[in-house]
Every structure is written in C-alpha cells, then in structure tokens.
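Chains as they are written, first to last, in this note's numbering: chain A, 937 to 1046; chain B, -14 to 102.
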C-alpha cells in the first residue's frame, strides 16, 4: 500500500473551508484514497473515499489530482465539532488492512 | 451503517491479569477487526476476527497474548492476557458490512481504555 504524507497540524477558523492536503506520490492505479477522522476519545469515523474522480458527500469533498499523487479533503464550513485528527489512507479495495499514519490534527478556532 | 458497542469502556488492571473486551454490533457483519491505539499514537491492526474459525493475526501479535473469539456475525471478544504496563492502550473494534462494496468503509466502536498498573 502507498505511503501517505500529511502535515502534522493545521488551524482553521470556524465557518471557513478547511482544506487538508495529503501526498501519496507512490500510489498505484488500483489504490483508493480513504479519509477518516478521530475526534478526541472516540473511535475513528469514515468520511469519504475516491479513486480518481472528485467525490462529495454530506460530510466533505475529496479532490484528487489528475496524476493521483495528491489529494485534498475539504470541509466546506468547518465547525468546532470538526476538531479532530484526520487520516488519509491509500489502499486497494481488496485489502482491508488499513495502515494508519500520524494524520493531521485539525483545530477549528472560534 | 452499523452501531457498535464495547464493554468495558475503561478498566484499570493489575500486572499479570487478563481482561476480556466485548464488541457487539447491531447487525450481522462480514468482517470484524481489533485495533490497538497506544497513548498519543495512531491505530495498529491486531487481528481480523473470523466467524467460526481462528482469527488472523498481524505481524507482532500472537494468539496466546490476544486470544479472539467470534461465535457469530454480531459479536466478538478480545482478551489481553498476562498484562503488563506496555499493554496500556485503547482497544477498538471495527466492522465492515457485507452490503458495502469496500471493506475499507469501516465503522468503529467507542474503544476500551485499558490501564495496566
């Protein structure tokens, strides 16, 4: 599975869009990009995933570059409850062994 | 989605004892997993709990230390045996539902916070 690189921490103002980057330059053609988040003292929560097209759901949008070497998770209107550690994982759909990196600690400020 | 509960939510145990953690899901699921999250660290997969057969363990984890049962499609237990302070962690159960096209859309329980003295 491809290794991912994320900034260790980011701040964002409440109500603004939070853009979380992820580099996965060694991703292979059949590896998806998954995003999870973990709010303090809770289990991780699935957010979104994609292969090469941009994806949107009720929680977030995922923008994947054309060469698939990087992606950005967008929380369109961040709230204080979005403060969490966000994990980007690149993995083949047939492989369920998620490899968790250090993630990005996102702090939403009032 | 699936709703997952874990018992106990937290415990403080003495060195050398064992603790069994329960994971209950509100629907039948194909895949169940156990993770460990050491203080300040990310998650590490311990094993996949297989219904009706022995669990599949990841490198660095063995059945004698972390025996796992999965008697049906909604329930699993993880035992942390002969505990030492290094076993102090949060233990998380997760599931992937058979209705999903991907086993990587996993749902997690709230975790069990274990402290070993």
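Every residue gets a Cβ at the ideal spot worked out from N, C-alpha and C, and that includes glycine.
Just so we're clear, the structure is a prediction, and the values are computed from it rather than from any experiment.
- Within chain A, the C-beta atoms nearer than 7 angstroms to that of residue 16(B) come from 1032, in chain order.
- Secondary-structure assignment with DSSP links residue 947(A) through a beta bridge to 1043(A).
- Straight-line spacing of the CA atoms in residue 6(B) and residue 100(B) works out to 13 angstroms.
- In the structure shown, residue 71(B) falls within a helical segment according to DSSP collapsed to helix, strand and coil.
- Relative to the Cα of residue 1010(A), the nearest Cα in the group 964(A), 997(A), 939(A), 1004(A) belongs to 997(A).
- The Cβ-Cβ distance between residue 970(A) and residue 1027(A) falls below 8 angstroms.
- At least 8 angstroms separates the CB of residue 51(B) from every CB of chain A.
- DSSP places residue 102(B) in the coil class of the three-state scheme, outside both helix and strand.
- For residue 94(B), the chain A residues whose Cβ falls inside 9 angstroms of its Cβ are 979, in order along the chain.
- A residue is called buried once 16 or more other Cβ atoms fall within 10 Å of its Cβ, and residue -12(B), having fewer, is exposed.
- Contact check for residue 1008(A) against residue 944(A) fails: the beta carbons are separated by 8 angstroms or more.
- Rounded to whole angstroms, residue 1015(A) and residue 946(A) show a C-alpha spacing of 14 angstroms.
- Inter-segment contact for the segment 2 to 21 of chain B and the segment 41 to 61 of chain B is present: three or more beta-carbon pairs are separated by less than 8 angstroms.
- Note: residue 4(B) is bridge-paired with 65(B) in the DSSP secondary-structure output.
- Residue-level contact check: residue 27(B) touches chain A, since one or more beta carbons of chain A fall below 8 angstroms from its beta carbon.
- With respect to chain A, the C-beta atom of residue 81(B) has a partner C-beta closer than 8 angstroms.
- By the Cβ test, the segment 35 to 45 of chain B is not in contact with the segment 64 to 74 of chain B, since fewer than three Cβ pairs between them sit closer than 8 angstroms.
- Look at the segment 20 to 60 of chain B and you find these whole runs of beta strand (DSSP E), each 3 residues long or longer: 28 to 34, 53 to 57.
- Of all alpha-carbon atoms in 1020(A), 988(A), 1012(A), 974(A), the one lying nearest the alpha-carbon of residue 1005(A) is that of 988(A).
- DSSP, reduced to helix, strand and coil, places residue 1017(A) within a helical segment of the structure shown.
- Taking all protein chains shown into account, residue 1046(A) has fewer than 16 neighbouring C-beta atoms within 10 Å of its C-beta and is therefore exposed.
- Selection 69(B), 33(B), 70(B) evaluated against residue 52(B) yields 33(B) as nearest (Cα-Cα).
- As DSSP reads the structure, residue 97(B) sits in a beta bridge with 76(B).
- Legend: CB atoms of the segment 1018 to 1030 of chain A lying less than 7 angstroms from CB atoms of chain B belong to residues 1027, 1029.
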